[in-house]
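*Asks:* This is the structure I want to talk about, given as structure tokens.
In this note's numbering, the protein residues as written are 1 to 452.
Okay, structure coming up:
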């Protein structure tokens with residue numbers, strides 16, 4: 001199993017491979033995981049020893065370190081700049097010369113520089129430096145350690161390229177596991193048309209080489225078949241999930257949390273980092289406008305964010321500060337994974353932010369589901385909304401200010417209620433049963449090779 005992110009790295013991308021690894025041996029498969037070392041992971045993620053303890057002791061994990069050449073280059077550049085730059089003593093002022101806009105030749109040089117940097121250090125992604133060390137390391141394993149099947153989970157997409165290279169070298173079947181879309185991902189793009197084309201060619205090549213492709217949503221499976229018609233008979237979907245064994249040890253099934261408005265109302269709790277397009281700005285603006293109109297108070301509805309706050313949107317920050325002053329919002333730092341699960345279970349409502357991502361479902365939503373708490377999804381379109389609506393896990397709304405204001409007003413007035421989902425629907429997402437679906441794919445891949 002090629003899994004760049006793996007515990008004790010507390011990345012959302014580590015949870016699916018962990019869930020499969022914990023259950024595969026029940027189906028006759030013994031995983032050998034290839035990952036990088038925690039200190040090499042890009043971008044940096046918290047290391048959670050408790051999460052690492054959930055990896056079964058009899059599973060071998062090979063961790064291959066590597067050097068991030070781009071980070072090395074940038075550090076070298078910064079040192080050189082510090083040595084050569086002279087301090088600005090001019091003081092500036094209204095008589096400073098007005099800078100001209102960049103010329104076309106300057107823009108062309110900038111685009112060429114971006115192309116070279118992306119090609120050398122970020123293709124197919126920023127984890128590309130791991131490719132050569134990972135492949136070299138595994139090529140040296142003994143004959144008895146050669147796997148029956150190579151399973152690569154992505155992103156990062158370097159995982160797929162590593163898996164493809166190892167499957168060819170060992171002459172073994174390759175199975176690809178998509179945790180996210182690749183080239184149809186709104187969070188993944190190149191400014192260069194050349195690299196965009198190369199990236200699509202890379203995806204097409206590994207999909208052709210795979211004996212089976214797994215998507216984690218039904219919508220992504222349909223998109224992959226549209227893109228690569230030859231996958232029609234060898235592409236399935238297996239959702240992300242949760243591990244019932246871990247949850248039951250934490251006694252998550254028992255809850256005293258209020259599921260509806262009462263003396264404390266609803267607290268909409270978000271766990272994990274907010275960043276980039278996964279922004280709460282529209283939600284915060286809606287809350288602030290309702291507060292100013294006298295339609296919400298802290299005892300009716302409030303927000304809680306636990307985890308990283310990686311927002312550069314100044315409007316979002318302004319609304320957050322205004323709401324904090326009124327007791328309508330609180331921000332808290334990240335906590336270890338086990339503590340995070342307990343906090344999820346104590347929440348009255350679990351908040352999901354997923355705008356503009358029609359093919360993706362955030363991995364943590366399945367841990368949300370496991371706690372039995374109702375969900376409120378901001379982003380009422382695509383795979384995540386379909387999941388919430390299809391399984392009656394909560395309420396979804398488009399990321400539109402008037403629609404959000406309407407929903408929050410109805411919750412505050414008791415016209416709309418958020419209730420826990422049916423336990424039978426929750427059980428659909430246990431990794432024990434989902435791993436059985438993965439094992440069937442691996443069995444078929446093995447049998448296909450044996451019959452050659």
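All C-beta atoms, glycine included, are put in the ideal place defined by N, C-alpha and C.
1. Output the distance between the C-alpha atoms of residue 339 and residue 14, rounded to the nearest integer angstrom.
2. Residue 305 by DSSP, collapsed to three states: which one?
3. Is the Cβ-Cβ distance between residue 2 and residue 163 less than 8 angstroms?
4. Can you tell me where the alpha helix (DSSP H) holding residue 202 begins and where it ends?
5. Compute the Euclidean distance between the alpha carbons of residue 118 and residue 292, then round it to the nearest angstrom.
6. When the Cα atoms are used, what is the spatial distance from residue 232 to residue 213?
7. Does the separation of the CB atoms of residue 135 and residue 172 fall below 8 angstroms?
8. Check residue 263 in the structure and name its three-state DSSP category.
9. So residue 453 is in the beta strand (DSSP E); what residue range does that whole segment cover?
10. Note down, one range per segment and in chain order, each alpha helix (DSSP H) of at least 4 residues found wholly within the region 351 to 378.
11. Which residue from 38, 20, 127 puts its Cα closest to that of residue 71?
12. Check the C-beta distance from residue 64 over to residue 34 and give it rounded, since I have them as a contact under 8 angstroms.
13. At a threshold of 7 angstroms, does residue 327 count as lining the ligand MG (C-beta to nearest heavy atom)?
14. Check the DSSP bridge columns for residue 178 and list the partner residues they point to.
15. DSSP state of residue 401, grouped into three classes?
16. Provide the residue span of the alpha helix (DSSP H) that contains residue 435, from first to last.
17. If we count Cβ pairs, one from each stretch, closer than 8 angstroms, do we get three or more for the region 5 to 14 versus the region 22 to 29?
18. How big is the Cα-Cα spacing for residue 331 and residue 242?
19. Exposed or buried, which one is residue 399 when buried takes at least 16 other CB atoms within 10 Å?
20. Entirely within the region 280 to 344 and at least 3 residues each: give me those beta strand (DSSP E) ranges in chain order.
21. With a Cβ-Cβ cutoff of 8 angstroms, do residue 183 and residue 203 count as a contact?
22. Label residue 272 either buried or exposed according to how many other C-beta atoms from any shown protein chain fall within 10 Å of its C-beta, with 16 as the threshold for buried.
23. Taking the straight line between their C-alpha atoms, what separation do you get for residue 388 and residue 161?
24. For residue 290, which residues in the same chain have their Cβ closer than 7 angstroms to its Cβ, ignoring the five residues on either side in sequence?
25. What does a CB cutoff of less than 7 angstroms around residue 165 pick up in its chain, not counting 5 residues either side in sequence?
26. Report the start-end ranges of each beta strand (DSSP E) in the region 46 to 81 that is 3 residues or longer and not cut off at the edges.
*Replies:* So, to answer that:
1. 17 angstroms
2. strand
3. yes
4. 193 to 209
5. 47 angstroms
6. 10 angstroms
7. no
8. Reliability fails at residue 263, whose pLDDT of 44 lies under 50, so the model's placement of it is uncertain and no value is given.
9. The first residue shown for the chain is 1 and the last is 452, placing residue 453 beyond what the model contains.
10. 364 to 370
11. 127
12. 7 angstroms
13. Absence of the ligand MG is noted for the structure shown, with no ligands found whatsoever.
14. 154, 215
15. helix
16. 431 to 450
17. no
18. 26 angstroms
19. buried
20. 301 to 306, 329 to 332
21. yes
22. buried
23. 33 angstroms
24. 296, 405, 408, 409
25. 135
26. 60 to 63
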